[in-house]
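Have a look at the structure below, then the notes.
Number of protein chains: 2
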Amino acid sequence: MYTNGRAQEPSARETVYAKLKEQILNLELAPGTALSEKESSLVLGVSRTPVRESFVRLAQEGLVQVLPQRGTFVSLIDPALVEEARFMREHLERAVVRLACAHFPDSHLHALEDNLALQLKSIEREDDRRLFELDEAYHRILFEGCGKLNTWRAIGQMNVHLNRSRMLRLVADRHWRHLYEQHETIFRAVKEGDADRAERVMQEHLLLGVRDLAHLMDKYPQYFISGGDGKP
Amino acid sequence: MYTNGRAQEPSARETVYAKLKEQILNLELAPGTALSEKESSLVLGVSRTPVRESFVRLAQEGLVQVLPQRGTFVSLIDPALVEEARFMREHLERAVVRLACAHFPDSHLHALEDNLALQLKSIEREDDRRLFELDEAYHRILFEGCGKLNTWRAIGQMNVHLNRSRMLRLVADRHWRHLYEQHETIFRAVKEGDADRAERVMQEHLLLGVRDLAHLMDKYPQYFISGGDGKP
DNA sequence: GCTACCACACTACCATACAAGTATGGTAGG
DNA sequence: CCTACCATACTTGTATGGTAGTGTGGTAGC
Numbered sequence: 008m009y010t011n012g013r014a015q016e017p018s019a020r021e022t023v024y025a026k027l028k029e030q031i032l033n034l035e036l037a038p039g040t041a042l043s044e045k046e047s048s049l050v051l052g053v054s055r056t057p058v059r060e061s062f063v064r065l066a067q068e069g070l071v072q073v074l075p076q077r078g079t080f081v082s083l084i085d086p087a088l089v090e091e092a093r094f095m096r097e098h099l100e101r102a103v104v105r106l107a108c109a110h111f112p113d114s115h116l117h118a119l120e121d122n123l124a125l126q127l128k129s130i131e132r133e134d135d136r137r138l139f140e141l142d143e144a145y146h147r148i149l150f151e152g153c154g155k156l157n158t159w160r161a162i163g164q165m166n167v168h169l170n171r172s173r174m175l176r177l178v179a180d181r182h183w184r185h186l187y188e189q190h191e192t193i194f195r196a197v198k199e200g201d202a203d204r205a206e207r208v209m210q211e212h213l214l215l216g217v218r219d220l221a222h223l224m225d226k227y228p229q230y231f232i233s234g235g236d237g238k239p
Numbered sequence: 008m009y010t011n012g013r014a015q016e017p018s019a020r021e022t023v024y025a026k027l028k029e030q031i032l033n034l035e036l037a038p039g040t041a042l043s044e045k046e047s048s049l050v051l052g053v054s055r056t057p058v059r060e061s062f063v064r065l066a067q068e069g070l071v072q073v074l075p076q077r078g079t080f081v082s083l084i085d086p087a088l089v090e091e092a093r094f095m096r097e098h099l100e101r102a103v104v105r106l107a108c109a110h111f112p113d114s115h116l117h118a119l120e121d122n123l124a125l126q127l128k129s130i131e132r133e134d135d136r137r138l139f140e141l142d143e144a145y146h147r148i149l150f151e152g153c154g155k156l157n158t159w160r161a162i163g164q165m166n167v168h169l170n171r172s173r174m175l176r177l178v179a180d181r182h183w184r185h186l187y188e189q190h191e192t193i194f195r196a197v198k199e200g201d202a203d204r205a206e207r208v209m210q211e212h213l214l215l216g217v218r219d220l221a222h223l224m225d226k227y228p229q230y231f232i233s234g235g236d237g238k239p
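For the protein sequence lines, the chains are A and B, in the order given.
With this note's numbering applied, the first sequence closes on residue 239, and no number is skipped along the way.
With this note's numbering applied, the second sequence closes on residue 239, and no number is skipped along the way.
Have a look at this one:
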């Protein structure tokens, strides 16, 4: 029979992949940074094989760029990708909140409520990393409650690029209150079934993520794709 | 300087990946089929490494399922994934045709026109594979003309699941004329800037892809995920 | 006849060795 | 001083061997 315990330790490839991805999204590995199979394998204490396979996965997500016989680099942030990620989220999340206003399970409504409470706590503690995670979880719950979890996962691939620019913005700007208030407003709209209001606030909410993108590109030009090319 | 020739032969990994993906999408490798690094490496005349790395990529796209120490299998078609792919396309393509009606480059308008002509030819020849490709290209041109090519690529990952079910449908049903007429109508609406009409037809058009899904699940139950599980 | 066990064939996972292309710094020649 | 060349130290790409977990068929014991 199956060993459905699900308790097996994760593979080396999985841990390496998760570690690298986290560091890239955190900007600990800044855009443009040179990686190397060998170096990463030494640092992480595994052989080149799982590192290499992680590079393959990250390359497919557009987070790294592999240039044969030359090197592997953390991708620069592509403003077009950021804008299109916003575009996708705008249209899909507007559709999803409308669904949510028509029908949303109580369990997930409570999950949203709990999530909002934790967001407040994180703001008090000024824990921006944690707030970032809660923000992601909040939107995920919305999709999950509408039976559209796979859609959220598909967005995820584009979303990582949007998130890198949002992370860049977090370090300077503080717009936490506004973000929380929008989440709270959307929650109430869903609860009351006010689809028009929910959709409108969601659209504004997602615009917040790309505001001042030009400003960021000015401040951190080395992190962005510049002209026609884009390779370091 | 860069060797920007772009004329280098593709790597073994790339060719293996493309080959396997094509066969899976064509249903030549039917859902549920058992694969193996060793066997594929023998068939394709390469070592296990590029095959393995292709499996990693395909697994990330959800086209194969790797069970450690047990085997690798072509994924069964998940109806939920098919429906959500349609959901994504519905909302994103509606938004895109609206953009197209507001502004669309002449070059891409001509590309659509040429594409439609080729579609007619394919229908005359009853070349369904070719028509399928042209259908994909048609929608791609729409996104490209609106500067949303990355969005189309992001859809692609979900779209492969939708396409497998569409491919399954093609073998029995013939709805070519209807499909063409909708493409043609959308084209004219874009040309005339009639956004409401374009959006409406696009929505109907995408519903066509999942019609009779239940019927297909009845006819080919072994290709679909059945109950709570989904593993072969 | 039925059950428990065990050897074996098979899988994917990981480590390692070799191959081939690329960037770079030093050096010889002008 | 400047340029062309070349050895060398990198890089990723590919092949292969060993390891550990898994399914299966046969067999011994009841």
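Glycine included, every Cβ here is placed at the ideal spot set by N, Cα and C.
Contact between H115(B) and E151(B) holds: their C-beta atoms lie close to 6 angstroms from each other, under 8 angstroms.
With its beta carbon at least 8 angstroms from every one in chain B, H115(A) lies outside the interface. Listed along the chain, the chain A residues whose CB falls inside 7 angstroms of the CB of R64(B) are V63, Q67. Burial of H168(A) is indicated by the presence of at least 16 other C-beta atoms within 10 angstroms of its C-beta. Your pair L215(A) and H190(A) does not check out as a contact, with CB atoms roughly 11 angstroms apart and the cut at 8 angstroms. Straight-line measurement puts the Cα of D201(A) at about 47 angstroms from the Cα of L36(B).
Under a 10 Å Cβ-count criterion, L74(A) is classified as exposed, with fewer than 16 other Cβ atoms of the shown protein chains found around its own Cβ. Per DSSP, the beta bridge partners of F231(B) are I84(B). Of all residues in the segment 92-111 of chain A, only F94, M95, H98, L99, A102 place a beta-carbon less than 7 angstroms from a beta-carbon of chain B. Contact between the segment 21-40 of chain A and the segment 51-63 of chain A is present: three or more C-beta pairs spanning the two stretches fall below 8 angstroms.
For V71(B), the pairing in a beta bridge is given by DSSP as V81(B).
For the segment 151-181 of chain B, residues whose beta-carbon sits nearer than 7 angstroms to a beta-carbon of chain A comprise K155, N157, T158, A161, Q164, M165.
Scanning P86(A), G69(A), A124(A) for the CA closest to the CA of T79(A) turns up G69(A).
Only those residues of the segment 19-49 of chain A whose C-beta falls short of 9 angstroms from the nearest C-beta of chain B are listed: R20. A Cβ-Cβ contact shorter than 8 angstroms links P38(B) with Y230(B). Relative to the Cα of V104(B), the nearest Cα in the group E91(B), S172(B), L119(B), E133(B) belongs to L119(B). Per the Cβ contact rule, the segment 146-163 of chain B is in contact with the segment 93-113 of chain A (3 or more Cβ pairs under 8 angstroms). Membership of A221(A) in the alpha helix (DSSP H) is indicated by the continuous run 220-226. By the beta-carbon neighbour count (other beta carbons within 10 angstroms, threshold 16), E90(B) is buried.
Taken in chain order, the complete alpha helix (DSSP H) segments of 4 residues or longer contained in the segment 97-158 of chain B are 113-132, 135-152. Going by DSSP, S47(A) is part of the alpha helix (DSSP H) stretching over 44-51.
Residue range 19-32 is occupied by the alpha helix (DSSP H) that includes T22(B).
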